[in-house]
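S.K.: Below is a structure I'd like to ask you about.
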């Protein structure tokens, strides 16, 4: 048992540490987040966190007057704590009954929610272009999320209740959690000590059959068909499948657990499966460019897979920026007269960057020029910056929720493989990143035939002529569904578009066994310019899109043949067991 003096001492120690950490170590993390917003793309966010370079703004007098009147009326109602105690529970940050039973806490929560609504109302009252208004809304969202009373022990009634119930033990644990996270440089979203790459994530059996300084190529062991006997030969389709994941993350998002592994699913379907495992760049690779990633990685992986399988064509799949890299590589090869792909699958991929969703808020000439000056000739974009960027796109869910749980309540976040992967950040070479920002997000040059040169070849997506399976997630905030669909307008081959429910990751990683969510298809071979016109003729299907993709891919895989007895072929021999060492390197 803990005595009252112990609790008081723990509280004083916690408060003192919080003050020091928030002004020193923790503010450093917030400064990193601000820099991350710049890296995602805006010169409008100054180094001190203000929107210094935004144009001068004016308010609509009519909207402003109405907002003032509404604010005065609702402020008066705040004194009726009973009514507002009921209203605050609609926000999950204040849902615990401790908030409603504490008049001071209930008032602070209700006042906060009113002020937040009013600030967002002011953003709507601004007379400015859409992008400026969106930037203001984003800044307000970040400010209000950070200043919520739930984030502070002095106001958080539930955290105070837990501290009393545990006689201060929650504060001591919170202090320990805070020290741990400051040391590791990011807020813990899961208990990372419970996961290890190759032990309980990225466990599909295979071997590295090729490597260079940018990637390792993993080949996976074929899985016997269900019902096969020990004497029956394992079969695979003659055309292999090559997966190109995003280089801004680790590949094992496609191989988290056996039950939700897209890689294992493809192997079980009878495909001889290969995957690109990107190296986590260090300073020695800080000079690498977009061209290097295309020539030395994507194209090299295609050619090695062809050689190992002994086939003229292979099936290919790209996920997120991996899809952009893969399509660019296929365009380069097409310009050289090569057509190595029998088909291409693009999962939540941007080819047309006309609408980049929330990330568009950060993209302008000033930001891109700044990044080009900073690292366009060499250097690294630290993985932590990108991780912070994506976390702060959903600040309440991916930042402050864990600040409150980990530090104020002393909780250990539960094990979650996806959040472990999310915390396993990857660096990017500066020249690669600078090229990517300018030529895609800023200038959208890939969709204009001949407007950009990669590996010495003019890029023309109209020459990437092969069957294409294009998938987009309906609630994706990184690759908006309209933008995923836009690829149908730029690829000339026979296409199939499928829309899945949920977001950028959860929509893709949706195994059939879970029997969750839905997907939509359209039997028409026509693809109107507007997604809504496509949806008008679409049919909803319960469950995963994986089965639809598997049926489509089977039609491009060729005949079944005996599976190879060994990994690789000829000069391409097994180097080490999957998942290899590249994926284990931490940023």
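In our numbering, the protein residues as written are -5 to 581. We treat Cβ as the ideally placed atom computed from N, Cα and C, and that holds for glycine.
For the stretch 464 to 517, list the beta strand (DSSP E) runs that are entirely contained and at least 3 residues long, ordered along the chain.
M.R.: 489 to 494 and 512 to 515
S.K.: Residues in the same chain with beta-carbon distance under 7 Å from residue 562, minus the five sequence neighbours each way, listed in chain order, please.
M.R.: Take residue 562, set aside five residues on each side of it, and the residues of its chain with a beta-carbon closer than 7 Å to its own are 203, 213, 302 and 568, in chain order.
S.K.: Considering only the alpha carbon of each residue, which of 556, 432, 244 and 249 lies closest to residue 360?
M.R.: Ranking 556, 432, 244 and 249 by CA distance to the CA of residue 360 puts 432 first.
S.K.: Please classify residue 35: does DSSP put it in a helix, a strand, or coil?
M.R.: Model confidence at residue 35 stands at a pLDDT of 35, short of 50, so the residue's coordinates are unreliable; what they give is reported in the following sentence. DSSP, reduced to helix, strand and coil, places residue 35 within a helical segment of the structure shown.
S.K.: For residue 578 and residue 191, I'd like the C-alpha separation in whole angstroms.
M.R.: 6 Å
S.K.: The alpha helix (DSSP H) with residue 401 in it runs from where to where?
M.R.: That residue, residue 401, is in no alpha helix (DSSP H); it is neither H nor E in DSSP.
S.K.: Just the Cα atoms here: how many angstroms apart are residue 208 and residue 257?
M.R.: In a straight line, the C-alpha of residue 208 is about 21 Å away from that of residue 257.
S.K.: Between 280, 468, 460 and 161, which lies nearest to residue 338 when the distance is taken from Cα to Cα?
M.R.: Measuring from the Cα of residue 338, the nearest candidate turns out to be 460.
S.K.: At the level of alpha carbons, what is the spacing between residue 475 and residue 505?
M.R.: Taken atom to atom, the span from the alpha-carbon of residue 475 to that of residue 505 is near 20 Å.
S.K.: Using only CA atoms, which one of 510, 495 and 489 lies nearest to residue 518?
M.R.: 489
S.K.: If you reduce the DSSP assignment to three classes, tell me which class residue 53 lands in.
M.R.: strand
S.K.: If you draw a straight line from the C-alpha of residue 246 to the C-alpha of residue 150, how long is it?
M.R.: 38 Å
S.K.: Rounded to whole angstroms, what is the Cα-Cα separation between residue 130 and residue 286?
M.R.: 38 Å
S.K.: What is the DSSP secondary structure of residue 255, reduced to helix, strand or coil?
M.R.: coil
S.K.: Could you tell me which of 308, 380 and 322 sits nearest to residue 343, measuring between CA atoms?
M.R.: 322
S.K.: Between the beta-carbon of residue 261 and the beta-carbon of residue 198, is there less than 8 Å?
M.R.: Contact: yes.
S.K.: Within its chain, find whatever has a CB closer than 7 Å to the CB of residue 401; leave out the 5 residues flanking it on each side and keep chain order.
M.R.: 168, 171 and 172
S.K.: Around the C-beta of residue 425, are 16 or more other C-beta atoms found within 10 angstroms, so that it is buried, or is it exposed?
M.R.: Counting Cβ neighbours within 10 Å, residue 425 comes out buried, since at least 16 surround it.
S.K.: Straight-line CA distance for residue 82 to residue 61?
M.R.: 21 Å
S.K.: Rounded C-beta distance between residue 516 and residue 531? I'm assuming under 8 Å.
M.R.: Yes, they are in contact, since the Cβ atoms of residue 516 and residue 531 sit about 5 Å apart, within 8 Å.
S.K.: What are the boundary residues of the beta strand (DSSP E) that residue 211 is part of?
M.R.: 209 to 214
S.K.: Should residue 73 be labelled buried (16 or more other beta-carbon atoms within 10 Å of its own) or exposed?
M.R.: exposed
S.K.: Evaluate residue 408 with the Cβ neighbour count: other Cβ atoms within 10 Å of its Cβ, from every protein chain shown; 16 or more gives buried, anything less gives exposed.
M.R.: In summary, residue 408 is exposed, with fewer than 16 beta-carbon neighbours lying within 10 Å of its beta-carbon over all protein chains present.
S.K.: For residue 174, count neighbouring C-beta atoms within 10 Å of its own C-beta (all shown protein chains included) and say buried if the count is 16 or more, exposed if not.
M.R.: exposed
S.K.: Alpha carbon to alpha carbon, how far is residue 96 from residue 469?
M.R.: 37 Å
S.K.: Among the residues of its own chain, which have a CB less than 7 Å from the CB of residue 544, if the five just before and after it don't count?
M.R.: Result list for residue 544: 263, in chain order.
S.K.: Three or more C-beta pairs under 8 Å: does that hold for the stretch 233 to 243 against the stretch 265 to 282?
M.R.: yes
S.K.: Taking the continuous alpha helix (DSSP H) assigned at residue 425, which residues delimit it?
M.R.: 424 to 430
S.K.: Roughly how far, in whole angstroms, is the beta-carbon of residue 528 from the beta-carbon of residue 522, given that I think they are within contact range, below 8 Å?
M.R.: 6 Å
S.K.: Mind checking which residues open and close the alpha helix (DSSP H) that includes residue 194?
M.R.: First-last for residue 194: undefined, no H or E at that position.
S.K.: Do the CB positions of residue 288 and residue 334 come within less than 8 Å of each other?
M.R.: no
S.K.: List the DSSP bridge partners of residue 536.
M.R.: 512
S.K.: To the nearest angstrom, report how far apart residue 525 and residue 439 are at their CA atoms.
M.R.: 22 Å
S.K.: Taking DSSP's pairing of strands, which residues face residue 337 in a bridge?
M.R.: 309
S.K.: Sorted by chain position, which residues of the same chain lie with C-beta nearer than 7 Å to residue 610's C-beta, five sequence neighbours on each side aside?
M.R.: Nothing can be reported for residue 610: it is not among the residues displayed for the chain, which extend from -5 to 581.
S.K.: Distance, Cα to Cα, residue 254 vs residue 362?
M.R.: 37 Å
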